[in-house]
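Participant:
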Amino acid sequence: MTLNTHSLSEENGLEKLNKVAKFILENDVDVIALQEVNQSINADSVMAPSSYRGCHQLKSDNYALALSSYLEDYQWNWMPIKIGFDKFDEGLAIFSKTPIVSTEEFVLTNTDDYYNWKKRAALAIESNGVWIYTVHFGWWDDEDEPFVHQWETLMNHVQDKKNVYIAGDFNAPDDRRKESYDYILQNGWIDTRTLAKEVKGKETIPGKIAGWDQEEKGMRIDYIMSNKKCLIKSHQVIFDQDRVSDHYGIILEEAI
């Protein structure tokens, strides 16, 4: 499952977090890749729970920390990337129901300036023989931080791994030719939606949101990509009716 949570920026945020936790538990989701997982820079620092597999300081209102209080059987990791909206440590998180064997995090952009809003990074875990990356890419035609550089940096880290999923907010509309989406497929990666026997939903944002201010119609910019063909039972867009963020989520079920 993947979701850009837009956390701490949503009205009724606690209620929406409860909905996310309830969905995960009711559907017994194995791995959850999250983006825009925020904490307030001025919040108090807290002790990390035993389920936390990261090394970064957590604050009291950290979204992943709050979610972990519901997901007692999960291990998780969180990393901050940059200052968001002048008030957040904006980051990435992954939760896993099977033990986390190893973790990886690295910067994707040319800039490593924590105060530069264009900074991007990737966070990964290895669990049950699979590497899962959570990502939040920039835009194809950004003059300072083009998508191609970010993607190629990621590829340098995954090229020797056998079983890999890359999940998250790609900022890559699937209907724009010769841009990010096409580039990913041309590099041998597979959009898991195309492998699924059952497909429900398509667009992952409703239209105009931050970063896509001129868009009036819904777009598909969130994905779960695989480095090989795999048996996928279903691929569904979630939280498109009962919304919890400015993005919808995706849940993928592998065929056993």
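Counting from 1, one number per residue, gives the positions in the sequence shown under UniProt numbering. Every residue, glycine too, gets a C-beta built ideally from N, C-alpha and C.
Report the rounded CA-to-CA distance for residue 69 versus residue 87, giving the unit in angstroms.
Facilitator: 24 Å
Participant: For residue 23, name the three-state secondary structure that DSSP assigns.
Facilitator: Here DSSP, grouped into helix, strand and coil, assigns residue 23 to helix.
Participant: Please state if the CB of residue 251 and the CB of residue 165 are separated by a distance shorter than 8 Å.
Facilitator: no
Participant: Which residues in the same chain have their Cβ closer than 8 Å to the Cβ of residue 84, if we skip the five residues on either side of it in sequence?
Facilitator: 36, 38, 90, 117
Participant: Since residue 103 is in the beta strand (DSSP E), which residue starts that stretch and which ends it?
Facilitator: 102-107
Participant: Helix, strand or coil: which one does DSSP assign to residue 11?
Facilitator: coil
Participant: Within its chain, find whatever has a CB closer than 8 Å to the CB of residue 172; leave out the 5 residues flanking it on each side and keep chain order.
Facilitator: 137, 140, 147, 179, 180, 181, 184, 221, 223
Participant: Assuming residue 48 and residue 58 make a contact with CB atoms under 8 Å, what is their CB distance in whole Å?
Facilitator: 5 Å
Participant: Roughly how many whole angstroms lie between the Cα atoms of residue 27 and residue 60?
Facilitator: 27 Å
Participant: Reducing DSSP to helix, strand and coil, say where residue 56 ends up.
Facilitator: In the structure shown, residue 56 sits in coil (DSSP, three-state: anything other than H, G, I, E or B).
Participant: Helix, strand or coil, according to DSSP, for residue 172 in the structure here?
Facilitator: coil
Participant: Among the candidates 247, 228, 231, 230, whose CA atom is the shortest distance from the CA of residue 237?
Facilitator: 247
Participant: Just to confirm my understanding: we take residue 142, look at its own chain, exclude 5 residues before and 5 after, and list those with CB closer than 8 Å. What are they?
Facilitator: 118
Participant: Rounded to the nearest angstrom, what separates residue 5 and residue 155 at their Cα positions?
Facilitator: Counting only the Cα atoms, residue 155 lies some 25 Å from residue 5.
Participant: With respect to the alpha helix (DSSP H) encompassing residue 152, which residues constitute its N-terminal and C-terminal limits?
Facilitator: 147-158
Participant: Can you look up residue 182 in the DSSP assignment and give me helix, strand or coil?
Facilitator: helix
Participant: For the beta strand (DSSP E) that contains residue 34, what are its first and last residues?
Facilitator: 31-40
Participant: Quick check on residue 208: buried or exposed, where buried means 16 or more other Cβ atoms within 10 Å of its Cβ?
Facilitator: With fewer than 16 Cβ atoms within 10 Å of its Cβ, residue 208 is classed as exposed.
Participant: Whole angstroms is fine: what's the gap from residue 198's alpha carbon to residue 191's?
Facilitator: 14 Å
Participant: Name the DSSP beta bridge partners of residue 238, please?
Facilitator: In DSSP, residue 238 forms a bridge with 249.
Participant: Taking only three categories from DSSP, how would you classify residue 16?
Facilitator: Correct three-state label for residue 16: helix.
Participant: Expressed to the nearest angstrom, what Euclidean distance is found between the alpha-carbon atoms of residue 193 and residue 44?
Facilitator: 41 Å
Participant: In whole angstroms, what separates the C-alpha of residue 12 from that of residue 22?
Facilitator: 16 Å
Participant: Ends of the alpha helix (DSSP H) at residue 63?
Facilitator: Run containing residue 63: 63-68, per the alpha helix (DSSP H) assignment.
Participant: Is the distance from the Cβ of residue 153 to the Cβ of residue 108 below 8 Å?
Facilitator: yes
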